[in-house]
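Residue 0 is where the sequence shown starts when you use numbering that gives the first Met the number 0, and the numbers rise one by one after that. Just below is one structure, and these are the notes that go with it.
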Amino acid sequence: MGRRRMTLPKDEESMMKIQEEIEMEHAHEHHHHHHHHHHDINEVLVYILETLEDLKERVKRCEQNVDSLQNDVRTLYKTAVFTLRAIMSEGDERKEALEDALKALEKKI
0 MGRRRMTLPK
10 DEESMMKIQE
20 EIEMEHAHEH
30 HHHHHHHHHD
40 INEVLVYILE
50 TLEDLKERVK
60 RCEQNVDSLQ
70 NDVRTLYKTA
80 VFTLRAIMSE
90 GDERKEALED
100 ALKALEKKI
């Protein structure tokens with residue numbers, strides 16, 4: 000089976016009509032592509048903003064954890080100091096240092 004050739008109209012009016020149809024279709028495709036591209040950009044922007052918001056919340060939780068850990072480290076050092084004082088002391092001073100060590104720990108328990 001042979002290929003059929005498309006025959007173009009010979010008159011100028013028909014040619015202009017075909018040209019207008021082609022231009023309109025091209026403009027429609029361009030608009031559709033541009034709209035689709037614009038839509039994709041908006042989706043990416045929304046994704047980025049949501050991700051940044053999630054990261055902000057994670058940083059906030061990390062800061063809270065750091066604050067809590069700093070307090071734990073302070074308690075550890077206070078307890079260590081009171082315990083060393085108790086080891087190096089005698090009598091009432093030893094008892095007082097051990098009580099201070101226990102008080103420091105009780106605040107965390």
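Ideal Cβ placement from N, Cα and C applies to all residues, glycine included. All of these numbers come straight from a predicted model, not from anything done at the bench.
Close beta carbons around residue i, own chain, < 8 Å, minus the five adjacent residues each side
{"i": "L97", "result": "F81, T82 and A85"}
{"i": "D71", "result": "K107"}
{"i": "N64", "result": "none"}
Close beta carbons around residue i, own chain, < 7 Å, minus the five adjacent residues each side
{"i": "K77", "result": "A103"}
{"i": "E42", "result": "none"}
{"i": "S88", "result": "A96"}
{"i": "A100", "result": "T78, F81, T82 and A85"}
{"i": "K94", "result": "none"}
Cutoff 8 Å: residue i Cβ touching any chain D Cβ
{"i": "K102", "result": "The displayed structure is made up of one protein chain only, and chain D is not part of it."}
Same chain, Cβ closer than 6 Å to residue i, neighbours up to 5 away in sequence not counted
{"i": "K107", "result": "T74"}
{"i": "H59", "result": "At residue 59 the sequence reads Lys, which differs from the His that was named. Answer for K59: no residue qualifies."}
Alpha helix (DSSP H) runs wholly inside the segment 22 to 106, at least 4 long, in chain order = 90 to 105
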